[in-house]
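Yeah, the sequence shown ends on 306 if you go by the numbering used here, and it's all consecutive. The beta carbon of each residue, even a glycine, is placed where N, CA and C say it ideally should be. Small disclaimer: the values here were computed from a predicted structure and weren't measured.
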Amino acid sequence: MFERFTKDARDVVKGAVGHAEEAGAERVGAEHLLLALLDREGSRASFVLAALGAGERRESVRAALGEARRRAGLTQAETDALAGLGIDVPGIVARVEEVHGAGAMSGDRKAGGRRSGHRPFDRAAKDVLTGALRAATALRDRRIGD
């Protein structure tokens, strides 16, 4: 599938891998693709994200994604729903991190745990890329752009 990507789309994927490495993530996730798209300037995707107001909130998006990762991927809505059931997710995260260290629930390996430089894509990121391929195919486009 990667051979059908335009240079810009390849750069987004490479940027996503870079964000995953920077975060110490074991896998490249959809959140890393989003951050890589937010890094872009002058592309169709960056125009759409800017129109939605995401461009100027890049750092808050990055912080929110980091917090969700600390909570084992739970969204704020899920955290709020659990709070309604009497489950204190931030308290649980704090206790787990007290015993096992910061980011213990993120599912990331510690530095040095990786045998090679390859980072696989998680299911959500694969779904995003597969969706892009399907959209391009539906439009009878031979290339997948950003």
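For glycine 261, count neighbouring C-beta atoms within 10 Å of its own C-beta (all shown protein chains included) and say buried if the count is 16 or more, exposed if not. Counting C-beta atoms within 10 angstroms of its own C-beta, glycine 261 has fewer than 16 neighbours from the protein chains shown and is therefore classed as exposed.
Review point. If you draw a straight line from the C-alpha of threonine 297 to the C-alpha of glycine 189, how long is it?
Key: 23 Å
Could you check where the alpha helix (DSSP H) with threonine 235 kicks off and where it finishes? Premise fails: threonine 235 is in no alpha helix (DSSP H) and is neither H nor E.
**Request:** Look at the alpha carbon of alanine 169 and the alpha carbon of histidine 278, and state the distance between them as a whole number of angstroms.
**Result:** 19 Å
Thinking arginine 218 and methionine 265 are a contact (beta carbons under 8 Å), I'd like their distance in whole angstroms, please. At roughly 25 Å, the Cβ-Cβ gap does not stay under 8 Å, so arginine 218 and methionine 265 are not in contact.
Check your understanding: Nearest to lysine 174 by CA position, among Ala228, Val288, Ala196, Arg222, is which residue?
Key -> Nearest to lysine 174 by alpha-carbon distance, out of Ala228, Val288, Ala196, Arg222, is Ala196.
### Query
Roughly how many angstroms separate the alpha carbons of threonine 166 and glutamate 257, rounded to a whole number?
41 Å
Using 8 Å for Cβ pairs, my map puts arginine 187 next to phenylalanine 281. What's the rounded Cβ distance? 6 Å
For isoleucine 304: DSSP bridge partner residues: Phe165
Within 8 Å, strictly: CB atoms of valine 249 and leucine 234: yes
Nearest to serine 220 (by Cα), restricted to the options Leu194, Lys286, Ala180:
Leu194
Compare the C-alpha of alanine 223 against each of Leu212, Ala183, Val253 and name the closest.
Ala183
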